[in-house]
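Q: Going line by line, the protein sequences match chains P and X. Those letters in the first sequence? Residues 1 to 426, by the UniProt record's numbering. Those letters in the second sequence? Residues 1 to 426, by the UniProt record's numbering.
2 protein chains.
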Amino acid sequence: MLAANNPDLHSWIDISPLSDFPIQNLPFGVFETPERGTRAGVAIGDYVLDLYAVSQYGFFDDLDITNQPKVFRRRSLNSFIRLGRPTWRAVRQRVSELLRHDNPALRDNEEAMHTCLVRQSEVQMLRPVRPGNYTDFYSSIEHATNVGMMFRDPANALLPNWRHIPIGYHGRASSIVVSGTDIRRPNGQRKAPDAAAPTFGPSQQLDFELEVAFIGGRATQLGHAVPIQQAEDYIFGLVLFNDWSARDIQSWEYVPLGPFLGKSFGSSVSPWIVTLDALEPFRVPGPEQEPEPLLYLRQTGAANFDINLEVAIEPAGGSETVISRSNFKYMYWSMAQQLAHQTSNGCNLQVGDLYASGTISGSTPDSLGSMLELTWRGTRPLPLADGSERKFLLDGDTVTMRGFAEKDGIRIGFGEVSGTILPANQ
Amino acid sequence: MLAANNPDLHSWIDISPLSDFPIQNLPFGVFETPERGTRAGVAIGDYVLDLYAVSQYGFFDDLDITNQPKVFRRRSLNSFIRLGRPTWRAVRQRVSELLRHDNPALRDNEEAMHTCLVRQSEVQMLRPVRPGNYTDFYSSIEHATNVGMMFRDPANALLPNWRHIPIGYHGRASSIVVSGTDIRRPNGQRKAPDAAAPTFGPSQQLDFELEVAFIGGRATQLGHAVPIQQAEDYIFGLVLFNDWSARDIQSWEYVPLGPFLGKSFGSSVSPWIVTLDALEPFRVPGPEQEPEPLLYLRQTGAANFDINLEVAIEPAGGSETVISRSNFKYMYWSMAQQLAHQTSNGCNLQVGDLYASGTISGSTPDSLGSMLELTWRGTRPLPLADGSERKFLLDGDTVTMRGFAEKDGIRIGFGEVSGTILPANQ
Numbered sequence: 001m002l003a004a005n006n007p008d009l010h011s012w013i014d015i016s017p018l019s020d021f022p023i024q025n026l027p028f029g030v031f032e033t034p035e036r037g038t039r040a041g042v043a044i045g046d047y048v049l050d051l052y053a054v055s056q057y058g059f060f061d062d063l064d065i066t067n068q069p070k071v072f073r074r075r076s077l078n079s080f081i082r083l084g085r086p087t088w089r090a091v092r093q094r095v096s097e098l099l100r101h102d103n104p105a106l107r108d109n110e111e112a113m114h115t116c117l118v119r120q121s122e123v124q125m126l127r128p129v130r131p132g133n134y135t136d137f138y139s140s141i142e143h144a145t146n147v148g149m150m151f152r153d154p155a156n157a158l159l160p161n162w163r164h165i166p167i168g169y170h171g172r173a174s175s176i177v178v179s180g181t182d183i184r185r186p187n188g189q190r191k192a193p194d195a196a197a198p199t200f201g202p203s204q205q206l207d208f209e210l211e212v213a214f215i216g217g218r219a220t221q222l223g224h225a226v227p228i229q230q231a232e233d234y235i236f237g238l239v240l241f242n243d244w245s246a247r248d249i250q251s252w253e254y255v256p257l258g259p260f261l262g263k264s265f266g267s268s269v270s271p272w273i274v275t276l277d278a279l280e281p282f283r284v285p286g287p288e289q290e291p292e293p294l295l296y297l298r299q300t301g302a303a304n305f306d307i308n309l310e311v312a313i314e315p316a317g318g319s320e321t322v323i324s325r326s327n328f329k330y331m332y333w334s335m336a337q338q339l340a341h342q343t344s345n346g347c348n349l350q351v352g353d354l355y356a357s358g359t360i361s362g363s364t365p366d367s368l369g370s371m372l373e374l375t376w377r378g379t380r381p382l383p384l385a386d387g388s389e390r391k392f393l394l395d396g397d398t399v400t401m402r403g404f405a406e407k408d409g410i411r412i413g414f415g416e417v418s419g420t421i422l423p424a425n426q
Numbered sequence: 001m002l003a004a005n006n007p008d009l010h011s012w013i014d015i016s017p018l019s020d021f022p023i024q025n026l027p028f029g030v031f032e033t034p035e036r037g038t039r040a041g042v043a044i045g046d047y048v049l050d051l052y053a054v055s056q057y058g059f060f061d062d063l064d065i066t067n068q069p070k071v072f073r074r075r076s077l078n079s080f081i082r083l084g085r086p087t088w089r090a091v092r093q094r095v096s097e098l099l100r101h102d103n104p105a106l107r108d109n110e111e112a113m114h115t116c117l118v119r120q121s122e123v124q125m126l127r128p129v130r131p132g133n134y135t136d137f138y139s140s141i142e143h144a145t146n147v148g149m150m151f152r153d154p155a156n157a158l159l160p161n162w163r164h165i166p167i168g169y170h171g172r173a174s175s176i177v178v179s180g181t182d183i184r185r186p187n188g189q190r191k192a193p194d195a196a197a198p199t200f201g202p203s204q205q206l207d208f209e210l211e212v213a214f215i216g217g218r219a220t221q222l223g224h225a226v227p228i229q230q231a232e233d234y235i236f237g238l239v240l241f242n243d244w245s246a247r248d249i250q251s252w253e254y255v256p257l258g259p260f261l262g263k264s265f266g267s268s269v270s271p272w273i274v275t276l277d278a279l280e281p282f283r284v285p286g287p288e289q290e291p292e293p294l295l296y297l298r299q300t301g302a303a304n305f306d307i308n309l310e311v312a313i314e315p316a317g318g319s320e321t322v323i324s325r326s327n328f329k330y331m332y333w334s335m336a337q338q339l340a341h342q343t344s345n346g347c348n349l350q351v352g353d354l355y356a357s358g359t360i361s362g363s364t365p366d367s368l369g370s371m372l373e374l375t376w377r378g379t380r381p382l383p384l385a386d387g388s389e390r391k392f393l394l395d396g397d398t399v400t401m402r403g404f405a406e407k408d409g410i411r412i413g414f415g416e417v418s419g420t421i422l423p424a425n426q
């Protein structure tokens with residue numbers, strides 16, 4: 001195992017202390033350049049380590065992937081992930097060794113070094129996995145309570161099932177895009193409560209949702225329930241996730257079968273998948289669960305992760321305003337509980353599946369994870385640095401989410417997930 | 001175009017008048033034998049025509065797929081479907097020509113004939129597509145009304161949005177299996193209305209849902225809405241679909257985000273995809289829609305299809321009882337309306353996607369498409385031929401759904417979708 005929080009571990013690559021990608025992190029992603037085509041890579045400081053190039057130089061020859069270099073030339077990490085956890089760990093361990101300050105193997109081989117390292121500014125990042133299935137959970141008690149207060153009954157905001165079940169729904173996998181992809185404002189049916197009939201047109205309540213998602217690392221057979229104690233073995237790593245939402249479309253359509261077109265026009269993921277191994281030092285206990293969950297959801301030990309999250313809006317031609325600061329540790333239901341619940345009925349997992357947390361809101365007004373909550377459904381407009389204000393998102397707005405864990409001088413960052421709103425089609 | 005209802009068209013293969021697969025049908029599927037491996041095929045009478053073998057004999061040489069014989073050796077039809085509608089149609093047209101009574105090309109080439117035709121009884125049918133995305137609609141007004149009466153308010157059974165929106169939700173794609181696959185009774189949380197807390201265990205209200213699904217034939221870019229007039233061009237064909245449902249799990253979990261584990265333990269499809277071309281003669285007008293749908297859902301012409309459907313239960317070791325006879329023509333919202341709605345927000349389509357109708361119930365007590373409705377939530381047990389009765393499904397029960405269209409002596413059948421309930425895991 002890599003000692004992720006070992007501050008003595010450092011690389012021969014010059015890395016800023018503010019970088020999201022020190023040698024303790026080493027997240028996986030997929031990138032493209034005109035010369036190289038599509039490659040799997042690992043982020044290190046301002047660089048990407050090209051895993052295909054590394055394999056071609058023989059640095060992985062003693063690992064059990066030597067017959068499968070193609071997994072590093074695919075448009076997604078699915079094939080690589082399918083090789084299994086021992087392999088991901090062996091590759092990450094080898095990358096860590098190659099990048100250590102005292103290892104000359106790559107450092108002193110100028111040709112290999114220049115072939116294996118590319119500046120991040122020179123690559124195009126791709127969606128890191130091809131998600132076969134996508135579930136969106138609803139695991140922040142603060143968010144569920146806020147939404148319940150606004151849309152249902154303020155006195156009974158949390159529904160009776162919420163403290164028993166990690167509530168979730170199936171989302172649309174096809175429209176998951178990588179950070180940097182523009183988001184087209186959706187058209188759809190909306191109906192004001194006092195209107196006689198619905199109308200069709202551009203959403204007037206376009207929103208983001210600040211989420212973290214985990215990527216499935218291991219498939220199961222139909223009928224197999226993953227015991228909660230083993231659930232984390234099925235997780236490859238984590239990304240930031242923006243579950244764009246059209247509140248007016250959603251509130252008209254969602255009864256009784258849940259969100260549909262209010263969500264499926266697009267969801268954005270950050271390009272780098274941060275491994276659970278890198279996040280291990282940031283494990284913290286989750287909130288106390290009352291009542292105690294049923295046995296299949298009962299977990300011991302620290303199940304949450306202390307990851308700082310923020311959301312910023314930048315209007316077209318304007319400057320950025322950070323509008324929310326939250327933390328992944330606030331989640332009421334843990335990832336392990338989500339995964340155990342997902343499979344408790346025998347539902348099968350596939351490699352590359354994406355399981356999103358649901359909006360991560362804290363308990364303070366500046367830690368809310370959606371415009372819906374920050375502006376209380378548009379009733380309290382949010383001031384931005386340029387003097388404008390927002391009830392919901394406007395065309396041209398760029399929403400950027402960032403996340404990092406930090407402790408003992410080590411920062412494990414996620415980079416960002418960002419998207420700009422384009423006007424609706426006519 | 002094939003004259004699908006041309007009764008003068010007949011094959012040199014001897015086909016029973018009761019067969020689902022006359023030469024007018026020619027549905028596509030994927031099969032496997034120990035000798036051949038995995039192959040794409042077309043059903044004809046009691047046989048499967050092996051499309052890979054046909055291509056190896058050069059019968060497709062003048063079509064534009066000669067460089068891609070591999071599409072007929074894959075584990076799904078996705079690659080074949082991706083070649084586009086003109087290609088599916090050209091292949092089906094060529095198959096029709098080869099099988100015509102007056103064409104000696106295959107008929108009189110004994111070696112080729114024996115290589116290209118396999119008895120259906122000797123093959124294993126596979127899931128015909130790898131569905132990237134699965135939507136389940138809720139398009140039968142009788143079903144939605146019945147469910148609303150049982151679970152919500154009998155006086156206002158139909159929710160306000162129902163007549164404006166083809167309501168649907170994203171389903172789980174990973175657990176879609178082919179007919180003949182056993183279905184494991186799911187475990188899950190259930191809570192009786194008068195219970196203080198939920199418990200976890202085997203579902204006590206296991207149900208089927210009689211549905212028809214269409215398979216996506218053409219991908220779209222994110223942001224592109226398919227106009228309703230073009231919607232059918234995006235459909236490859238239709239299958240029977242059993243949306244197995246655990247009513248006790250579903251009713252406890254579904255508020256506010258919709259069905260989740262009450263559905264995702266398994267859904268079954270019939271192996272043969274019947275093309276819209278084969279079904280063209282069975283087009284009929286749908287029910288009158290009141291109020292008139294919004295412009296993007298407004299359709300002219302006959303948008304429904306007259307397809308007889310039935311459901312039968314066979315207890316372990318017992319005989320079969322047909323418990324429901326319904327018809328696909330009852331659908332309030334048409335497939336074209338569903339597809340136009342799905343893409344109206346810019347949600348992208350992928351080839352092989354599966355779009356299910358929702359339970360197809362008629363207006364009479366013997367035409368209801370689920371046990372929930374047939375037994376009115378278990379309050380009116382259903383008698384079976386063997387003297388037993390059912391509130392919901394028991395372990396060992398086999399549920400079989402069949403479908404066919406018939407007119408002018410031509411029967412276009414779907415075969416069947418069948419599944420047997422296994423006891424829950426301990």
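Built from N, CA and C at the ideal position, the CB exists for glycine as well.
In terms of alpha-carbon separation, which member of 317(X), 372(X), 214(X), 347(X) lies closest to residue 353(X)?
A: Comparing Cα positions, the closest option is 214(X).
Q: Which bits of chain P does residue 197(X) rub up against, with CB to CB less than 9 Å?
A: Here the neighbours are 164, 291, 294.
Q: What are the start and end residues of the alpha helix (DSSP H) that includes residue 412(X)?
A: Per DSSP, residue 412(X) belongs to no alpha helix (DSSP H); it is in the beta strand (DSSP E), 410 to 422.
Q: Do residue 303(X) and residue 344(X) count as a contact pair if the criterion is CB distance below 7 Å?
A: Contact flag unset, no.
Q: At the 7 Å Cβ level, is residue 255(X) part of the contact set with chain P, yes or no?
A: Yes, its Cβ sits closer than 7 Å to a Cβ of chain P.
Q: List the residues of chain P whose Cβ lies closer than 9 Å to the Cβ of residue 21(X), in chain order.
A: None at all; the shortest Cβ gap to chain P is about 29 Å.
Q: Given a cut-off of 7 Å, decide if residue 220(P) and residue 77(P) are closer than it, judged by their beta-carbon atoms.
A: Taking 7 Å as the Cβ cut-off, residue 77(P) and residue 220(P) do not qualify as a contacting pair.
Q: Does DSSP classify residue 13(X) as helix, strand or coil?
A: Residue state, collapsed to three classes: coil.
Q: Between residue 357(X) and residue 139(X), is the Cβ-Cβ spacing less than 7 Å?
A: Contact: yes.
Q: Pick helix, strand or coil for residue 228(P), following the three-state DSSP scheme.
A: The answer is helix: DSSP assigns residue 228(P) an H, G or I state.
Q: Does the beta-carbon of residue 1(P) have 16 or more other beta-carbons within 10 angstroms, so that it is buried, or is it exposed?
A: Because the pLDDT of residue 1(P) is 47, which lies under 50, any placement of that residue in the model is unreliable, and the question is left without a value.
Q: Going by beta carbon distance, what residues of the same chain come within less than 6 Å of residue 397(P), once the five residues before and after it are set aside?
A: Excluding sequence neighbours, residue 397(P) sits near 313, 315, 421.
Q: Could you tell me whether the Cβ of residue 189(X) comes closer than 7 Å to any Cβ of chain P?
A: Yes, because at least one Cβ of chain P sits closer than 7 Å to the Cβ of residue 189(X).
Q: What's the call for residue 341(X), buried or exposed, on a 16-neighbour Cβ count within 10 Å?
A: Flag for residue 341(X) reads buried.
Q: Cα-Cα, which of 280(X), 298(X), 331(X) is closest to residue 287(X)?
A: The candidate whose alpha carbon is nearest that of residue 287(X) is 331(X).
Q: Would residue 396(P) count as contacting chain X if we go by Cβ distances under 7 Å?
A: Answer no: the Cβ-Cβ gap between residue 396(P) and chain X never drops below 7 Å.
Q: So is residue 244(P) in contact with chain X if we call contact Cβ pairs under 7 Å?
A: Not one chain X Cβ lies under 7 Å of residue 244(P).
Q: When you compare the CB positions of residue 156(X) and residue 174(P), do they come within less than 7 Å of one another, or not?
A: Not closer than 7 Å, so no.
Q: Would you verify that the beta carbon of residue 101(P) is, or is not, closer than 7 Å to some beta carbon of chain B?
A: The question asks about chain B, but that chain is absent: this structure's protein chains are P and X.
Q: Closer than 7 Å, Cβ to any Cβ of chain X: which residues of the region 143 to 157 of chain P, in chain order?
A: Result list empty, no residue passes.
Q: Who are the near neighbours of residue 414(X) in its chain, counting only those whose CB is closer than 6 Å to its CB and skipping five residues on each side?
A: Closer than 6 Å at the Cβ level, and outside the excluded window around residue 414(X), lie 240, 270, 274, 403.
Q: Exposed or buried, which one is residue 101(P) when buried takes at least 16 other CB atoms within 10 Å?
A: Exposed, since its Cβ has fewer than 16 Cβ neighbours within 10 Å.
Q: Roughly how many angstroms lie between the CA atoms of residue 254(P) and residue 256(X), to the nearest whole one?
A: Each residue's alpha carbon lies about 8 Å from the other.
Q: Find the nearest neighbour of residue 33(X) within the set 61(X), 86(X), 58(X), 122(X), judged by alpha-carbon distance.
A: Nearest C-alpha to residue 33(X): 122(X).
Q: With 7 Å as the threshold, decide whether the Cβ of residue 168(X) is near any Cβ in chain P.
A: It does; some Cβ of chain P falls within 7 Å.
Q: Is there at least one Cβ from chain X nearer than 7 Å to residue 174(P)'s Cβ?
A: Cβ-Cβ to chain X under 7 Å: yes for residue 174(P).
Q: Flag residue 352(X) as yes if its beta-carbon sits less than 7 Å from any beta-carbon of chain P, otherwise no.
A: Chain P, which has no Cβ nearer than 7 Å to the Cβ of residue 352(X), makes this no.
Q: Beta-carbon within less than 6 Å of residue 197(X)'s beta-carbon, same chain only, minus the 5 sequence neighbours each way: which residues are those?
A: Counting only Cβ-Cβ distances below 6 Å, and skipping sequence neighbours, we find nothing.
Q: So residue 28(P) packs on residue 128(P), CB below 8 Å; how close in whole Å?
A: Correct: roughly 7 Å between the Cβ atoms.
Q: Can you name the residues of chain X whose CB is closer than 9 Å to the CB of residue 344(P)?
A: In chain order: 186, 187, 188, 189, 200, 261.
Q: Between residue 107(P) and residue 12(P), is the Cβ-Cβ spacing less than 7 Å?
A: Their beta carbons are under 7 Å apart, which means residue 107(P) touches residue 12(P) by this criterion.
Q: In whole angstroms, give me the CA-to-CA distance for residue 386(P) and residue 363(P).
A: Using only the alpha carbons, I get a separation of about 27 Å.
Q: Could you list the residues in the region 199 to 226 of chain P with a C-beta less than 9 Å from some C-beta on chain X, going in chain order?
A: Taking 9 Å as the Cβ-Cβ cut-off against chain X, the residues of the region 199 to 226 of chain P that qualify are 199, 200, 203, 219, 222, 223, 224, 225.
Q: Which first and last residues belong to the alpha helix (DSSP H) in which residue 54(X) is found?
A: First-last of the alpha helix (DSSP H) with residue 54(X): 51 to 56.
Q: By the DSSP assignment, the alpha helix (DSSP H) with residue 331(P) in it spans what residues?
A: Per DSSP, residue 331(P) belongs to no alpha helix (DSSP H) and is neither H nor E.
Q: Taking only beta-carbon atoms, is residue 159(P) less than 7 Å away from chain X?
A: Yes, residue 159(P) counts as interfacial toward chain X.
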